[in-house]
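First to last, the sequence lines map onto chains P and F.
Each step along the first sequence adds one to the number in the numbering used here, with nothing skipped, and position 24 is 24.
Each step along the second sequence adds one to the number in the numbering used here, with nothing skipped, and position 84 is 84.
The C-beta atom is built at its ideal place from N, Cα and C for all residues, glycine as well.
Only one structure is covered here, and it is reproduced in the block below.
Protein chains: 2
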Amino acid sequence: MLDTPDRNQKALARLEEVFGRRIQRGQAIREQHGHTTSWIATQPPDAVFAPETVEEVQRVVTICGEDRMPLIPFGAGTSLEAQLNAPMGGLSLDMSGMNRILQVHASDLDAVVQPGVTRKQLSEYVRSDGLFFPIDPGADATLGGMCSTRASGTNAVRYGTMKQNVLATQVVLPDGRLIRTGSRARKSSAGYDLTSLLVGSEGTLGVITELTVRLHGLPERIVSGTCSFPTLDAAVQVVIQAIQFGLPVARIELMDPLCMRAVNAYSGLGLAEKPSLFVEFHGSEASVSEQVEAFSALCEEQGADPFRHAERPEDRSSLWQARHDIYFAFSELRRGVKGLPTDVCVPISRLAECIIETNADMERSGLLAPCIGHVGDGNFHLMVLVDPEDSEEMARCHAAVDRLNERAIAMDGTCTGEHGIGQGKRRFMEQEHGSAVALMREVKQAVDPGGIMNPGKIF
Amino acid sequence: MLDTPDRNQKALARLEEVFGRRIQRGQAIREQHGHTTSWIATQPPDAVFAPETVEEVQRVVTICGEDRMPLIPFGAGTSLEAQLNAPMGGLSLDMSGMNRILQVHASDLDAVVQPGVTRKQLSEYVRSDGLFFPIDPGADATLGGMCSTRASGTNAVRYGTMKQNVLATQVVLPDGRLIRTGSRARKSSAGYDLTSLLVGSEGTLGVITELTVRLHGLPERIVSGTCSFPTLDAAVQVVIQAIQFGLPVARIELMDPLCMRAVNAYSGLGLAEKPSLFVEFHGSEASVSEQVEAFSALCEEQGADPFRHAERPEDRSSLWQARHDIYFAFSELRRGVKGLPTDVCVPISRLAECIIETNADMERSGLLAPCIGHVGDGNFHLMVLVDPEDSEEMARCHAAVDRLNERAIAMDGTCTGEHGIGQGKRRFMEQEHGSAVALMREVKQAVDPGGIMNPGKIF
Chain P
1 MLDTPDRNQK
11 ALARLEEVFG
21 RRIQRGQAIR
31 EQHGHTTSWI
41 ATQPPDAVFA
51 PETVEEVQRV
61 VTICGEDRMP
71 LIPFGAGTSL
81 EAQLNAPMGG
91 LSLDMSGMNR
101 ILQVHASDLD
111 AVVQPGVTRK
121 QLSEYVRSDG
131 LFFPIDPGAD
141 ATLGGMCSTR
151 ASGTNAVRYG
161 TMKQNVLATQ
171 VVLPDGRLIR
181 TGSRARKSSA
191 GYDLTSLLVG
201 SEGTLGVITE
211 LTVRLHGLPE
221 RIVSGTCSFP
231 TLDAAVQVVI
241 QAIQFGLPVA
251 RIELMDPLCM
261 RAVNAYSGLG
271 LAEKPSLFVE
281 FHGSEASVSE
291 QVEAFSALCE
301 EQGADPFRHA
311 ERPEDRSSLW
321 QARHDIYFAF
331 SELRRGVKGL
341 PTDVCVPISR
351 LAECIIETNA
361 DMERSGLLAP
371 CIGHVGDGNF
381 HLMVLVDPED
391 SEEMARCHAA
401 VDRLNERAIA
411 MDGTCTGEHG
421 IGQGKRRFME
431 QEHGSAVALM
441 REVKQAVDPG
451 GIMNPGKIF
Chain F
1 MLDTPDRNQK
11 ALARLEEVFG
21 RRIQRGQAIR
31 EQHGHTTSWI
41 ATQPPDAVFA
51 PETVEEVQRV
61 VTICGEDRMP
71 LIPFGAGTSL
81 EAQLNAPMGG
91 LSLDMSGMNR
101 ILQVHASDLD
111 AVVQPGVTRK
121 QLSEYVRSDG
131 LFFPIDPGAD
141 ATLGGMCSTR
151 ASGTNAVRYG
161 TMKQNVLATQ
171 VVLPDGRLIR
181 TGSRARKSSA
191 GYDLTSLLVG
201 SEGTLGVITE
211 LTVRLHGLPE
221 RIVSGTCSFP
231 TLDAAVQVVI
241 QAIQFGLPVA
251 RIELMDPLCM
261 RAVNAYSGLG
271 LAEKPSLFVE
281 FHGSEASVSE
291 QVEAFSALCE
301 EQGADPFRHA
311 ERPEDRSSLW
321 QARHDIYFAF
331 SELRRGVKGL
341 PTDVCVPISR
351 LAECIIETNA
361 DMERSGLLAP
371 CIGHVGDGNF
381 HLMVLVDPED
391 SEEMARCHAA
401 VDRLNERAIA
411 MDGTCTGEHG
421 IGQGKRRFME
431 QEHGSAVALM
441 REVKQAVDPG
451 GIMNPGKIF
């Protein structure tokens with residue numbers, strides 16, 4: 001039997017017979033397709049191919065399956081845990097060209113799209129129907145990629161994650177079979193929920209060639225605002241109460257004083273450098289007024305500074321631009337370093353405790369790590385600002401991040417709320433899931449016995 | 001190798017060595033555990049066992065696995081598609097005694113329960129915390145059973161189905177292994193979503209021994225009401241518009257004129273015998289007022305009679321009692337017959353068309369079939385009123401129901417929105433899912449290679 005590199009070369013030769021120069025072997029394009037925004041070193045694939053049709057995907061998958069060459073589906077390249085690396089070489093399947101919006105069903109609030117469609121492209125397209133696609137992970141990722149990592153972001157507290165917003169998929173399985181999972185019905189009890197099995201499977205079970213996603217009506221009125229608190233705990237208490245009172249807040253983001261310092265330095269907003277909440281309310285005229293009033297009252301009870309809110313689109317934009325620019329802003333805190341992002345999620349009752357313990361640990365470890373959180377879900381990120389050339393600092397960083405992941409898991413949480421496992425968090429799978437990991441492996445083995453789909457990820 | 005009945009007897013003998021007379025073989029209890037509210041004939045198991053601990057479940061499953069005796073998890077016995085029948089004999093595992101509420105986390109809006117806890121029991125228990133469990137399939141089913149069939153009901157349009165409301169499970173796999181899926185974190189991207197795989201698997205993948213469900217805050221204010229329309233289409237248009245405008249309606253149920261006749265005859269409410277919507281709004285003072293106003297305006301535009309609403313708990317109760325009593329009320333339409341329930345779900349834009357075509361088909365087929373729907377989700381039920389002794393009528397009934405299921409599937413819908421496949425709808429699996437059924441079978445084979453878990457269901 002041939003070893004992996006030889007098998008890959010054999011498969012590539014066969015692919016070239018079929019697709020000619022569309023099988024791209026140039027170093028630049030290979031490096032670009034292994035590269036992600038991850039802190040993990042690039043492992044480029046042997047080649048890149050950008051299919052244009054479902055039939056081409058089936059053909060490629062069949063050839064790769066026969067020769068057991070790894071296949072790594074690629075969207076916009078914005079994943080954070082090295083989901084796109086090719087540790088065993090293989091073919092990067094760049095889906096970004098399959099980017100047509102196939103159907104919009106305005107009455108049903110859904111759209112059928114190819115996997116290369118980006119979230120902004122879809123929202124732009126359906127705006128004239130009074131609709132939008134709510135999942136916003138920051139980057140303008142492709143919907144196929146977002147489906148694969150079970151992405152979410154700032155709006156998830158109100159609109160859910162990709163888990164709640166993917167109704168159906170079309171998938172090429174590792175043996176080349178084309179299947180559809182789910183339907184456009186809003187709910188179904190007809191057999192196993194294969195759609196949910198695929199959402200979050202990080203390309204390890206097949207290649208998504210189409211997906212049906214939910215759309216939502218553009219809110220009649222939007223108000224955004226910020227509020228600063230004497231302590232982190234006070235801010236989290238407001239979040240818990242808002243959720244418990246059923247306040248349908250659309251976004252509720254926590255920023256710690258370090259974050260606020262970075263935001264001020266980068267965006268010049270002149271905000272208080274205290275624990276702060278950035279919030280947004282969606283709804284009718286009256287409902288938004290009521291939400292703002294109720295939220296202001298909760299903040300006041302916790303000794304917050306007055307709630308500053310904005311309604312003009314330009315003012316709202318500048319606020320959320322500052323929030324989204326945060327990853328650039330961090331460079332204001334320490335020049336010339338890289339940010340290593342964390343992504344734990346815990347039950348909200350443990351959130352303040354988790355953040356406070358983690359901040360203390362980072363300080364003890366001599367690490368600068370501003371904290372920003374999708375706190376309505378109990379999900380928060382640190383950006384550990386480190387010098388990748390300083391191996392001692394990197395070791396301290398990894399040790400502290402490991403402790404953070406363990407802390408979150410011990411609190412009945414997860415090591416990843418939205419970034420996925422990729423290569424970066426594989427060693428926490430057993431800790432988080434115990435013997436359920438064995439069941440995941442059995443499912444993987446049943447669906448992909450040759451192990452060609454994105455090997456070395458999740459497991 | 002022993003054949004099935006012999007294997008079952010061998011396993012039962014081993015089980016009796018361990019559990020003695022707790023392995024119940026009496027005919028009455030066996031019949032009761034095969035019996036469901038289904039129209040399908042009872043196929044009783046060989047014996048019934050009510051485990052009291054997780055360890056007992058593991059022990060039973062291990063013995064059954066070794067001798068390949070079928071195991072059928074049993075909750076409250078309210079499933080509608082013969083999910084509890086024992087076509088190959090075996091052991092009914094009555095989980096209703098494992099009915100402790102283990103933890104309530106009010107701040108996190110979740111509860112950890114044993115599978116025998118019923119939905120009313122849980123809502124009662126958490127009421128003093130200002131919380132409730134929203135999934136309401138009508139019957140006071142167990143949460144384990146509701147998880148297994150991916151149940152929903154009248155509140156799903158606002159609060160989701162069991163899919164959205166089960167955060168985590170503890171499950172005994174067919175080989176006796178105990179695993180946990182999910183966590184109490186609100187979201188996670190850590191590997192395959194095994195929880196969603198188990199929700200809706202109808203006992204075919206393992207025995208649920210614990211589940212973590214979401215709770216919701218009791219609304220500050222509730223208003224219920226009814227409104228009658230000149231045509232079915234007008235009523236459905238109001239539903240579409242309400243959903244599209246983002247009106248957060250908590251319940252929106254369609255009843256056709258036949259239903260209204262039955263309701264009046266049974267509950268004496270004196271309502272118009274026209275296509276009608278039963279609705280409920282949850283929220284704050286102002287938000288509910290606004291919802292009522294917006295909904296009334298939508299109804300008026302469609303030429304409806306004035307929207308009658310009620311706020312006093314006793315008035316609201318009598319309205320929803322009438323809705324829930326509908327299955328008894330149907331006997332007012334035709335005495336001495338049985339009702340055969342259907343359960344399709346279609347994209348809401350196809351709903352009016354699907355109901356109208358179906359009503360015409362039922363009429364042509366000489367069948368009396370009142371229609372009631374969870375129309376916010378596109379899910380509706382007919383109750384075909386038939387004489388089970390009249391084989392010619394039953395044949396007409398089955399043919400018309402088959403056409404209904406095919407019609408819904410052709411509209412990109414599903415043959416079951418919330419009842420599940422059980423034995424009754426297996427032959428629609430291929431039609432609905434095509435080659436994805438093969439993938440479901442592969443997953444089943446990987447998890448339960450001996451085929452002991454609830455055989456003859458779904459597939």
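Rounded separation between residue i and residue j - CA only
i      : j      : result
F/A438 : P/A235 : 50 Å
F/E301 : F/F229 : 11 Å
F/V117 : F/V386 : 34 Å
F/A47  : F/F459 : 23 Å
P/N165 : F/R22  : 46 Å
F/L333 : F/A111 : 42 Å
F/A50  : F/L102 : 19 Å
P/T416 : P/M162 : 14 Å
P/S267 : P/D67  : 52 Å
F/K120 : P/T169 : 35 Å
F/S435 : F/Q43  : 30 Å
F/Q237 : F/C259 : 20 Å
P/G450 : P/H309 : 55 Å
P/S317 : P/M255 : 17 Å
P/A100 : P/Q114 : The sequence given here places Arg at residue 100 of chain P; Ala does not occur at that position. Using only the alpha carbons, I get a separation of about 5 Å.
P/T195 : F/G34  : 31 Å
F/W39  : P/G77  : 53 Å
F/D412 : F/Q431 : 11 Å
Counterpart residues of residue i in DSSP-defined beta bridges
i      : result
P/C345 : P/N379, P/T414
F/E393 : Answer is none; F/E393 lacks a bridge partner.
P/R308 : P/T226
F/F49  : F/L93
F/A322 : According to DSSP, F/A322 bridges with nothing at all.
P/T142 : P/T118
F/E280 : F/S224, F/R251
P/L69  : Checking the displayed sequence, the identity of residue 69 of chain P turns out to be Met instead of Leu. Answer is none; P/M69 lacks a bridge partner.
Closer than 7 Å at the beta carbon, the chain F residues around residue i
i      : result
P/V443 : Y192, V443, A446
P/D108 : P347, I348, S349
Within chain F, the residues that residue i reaches when beta carbons sit closer than 8 Å
i      : result
P/Q24  : Those within 8 Å of P/Q24 in chain F number zero; the least Cβ separation is about 30 Å.
P/M429 : A190, G191
Residues that residue i contacts on chain P, provided the C-beta gap is smaller than 7 Å
i      : result
F/G270 : Here the premise fails: no neighbours, minimum Cβ distance about 33 Å.
F/A436 : I179, R180, T181, L194
F/T161 : K187
F/A286 : A286, E290
Interface partners of residue i on chain P, CB under 8 Å
i      : result
F/P219 : G246
Partners in chain F for residue i, counting only beta-carbon separations shorter than 9 Å
i      : result
P/E432 : S183, S188, A190, G191
P/I458 : A190, G191, Y192
Chain F contacts from the stretch 190-203 of chain P (Cβ-Cβ distance under 8 Å): A190, G191, Y192, D193, L194, S196, L197, V199, G200, S201
Where the stretch 237-264 of chain P meets chain F: residues whose CB sits under 8 Å from a CB there: I240, I243, Q244, F245, G246, P248
Those runs of the beta strand (DSSP E) which lie wholly inside the stretch 178-253 of chain F and span at least 3 residues: 178-182, 207-214, 221-228
Residues of the stretch 115-135 of chain F whose Cβ lies closer than 7 Å to any Cβ of chain P, in chain order: none
Beta strand (DSSP E) runs contained entirely in the stretch 104-130 of chain P, provided each spans 3 or more residues: 110-113
Residues of the stretch 408-425 of chain F with Cβ closer than 9 Å to any Cβ of chain P, in chain order: A408, I409, M411, D412, G413, T414, C415, T416, G417, E418, H419, G420, I421, K425
Near-chain P residues of the stretch 369-386 of chain F (beta-carbon distance less than 9 Å), N- to C-terminal order: H374, G376, D377, G378, N379
Contact residues within the stretch 343-354 of chain F, judged by C-beta distance below 7 Å to chain P: C345, V346, P347, I348, S349
Against chain P: residues of the stretch 290-308 of chain F by CB proximity under 7 Å: E290
Contacting positions in the stretch 133-157 of chain F - beta carbon closer than 8 Å to chain P: T149, R150, A151, S152, A156
Runs of beta strand (DSSP E) lying entirely within the stretch 6-50 of chain F, each at least 3 residues, in chain order: 47-49
Every unbroken alpha helix (DSSP H) within the stretch 396-451 of chain P, with a cutoff of 4 residues, ordered by chain: 429-433, 436-447
Within 8 Å of chain F by C-beta, residues of the stretch 169-181 of chain P in sequence order: L173, R177, L178, I179, R180, T181
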